[in-house]
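Residue numbers (the numbering used here): -9 to 49. The beta-carbon is built from N, C-alpha and C at its ideal position, and this holds for glycine as well. Read through the structure below, which is laid out as structure tokens, and then see the notes.
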């Protein structure tokens, strides 16, 4: 499945990824980060858990 999310300096709900997850991060604000990662790819391994969080702007 594919999800598209726009977040602006916010923390989302805690959740897990039984099979892992691959995120493509596209900042709308140059310095914005998703879970500490700027523009590019972020990979979560199977059984990972987190609060999805965008800081320093909108992504």
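Under the 10 Å beta carbon count, residue 20 is surrounded by fewer than 16 other beta carbons and is classified as exposed.
DSSP places residue 14 in the uninterrupted beta strand (DSSP E) bounded by 11 to 15.
For residue 47, the enclosing beta strand (DSSP E) stretches over residues 43 to 48. The three-state reading of DSSP puts residue 33 in strand, counting E and B together. Ranked by Cα distance from residue 12, the options 45, 35, 41 are led by 35.
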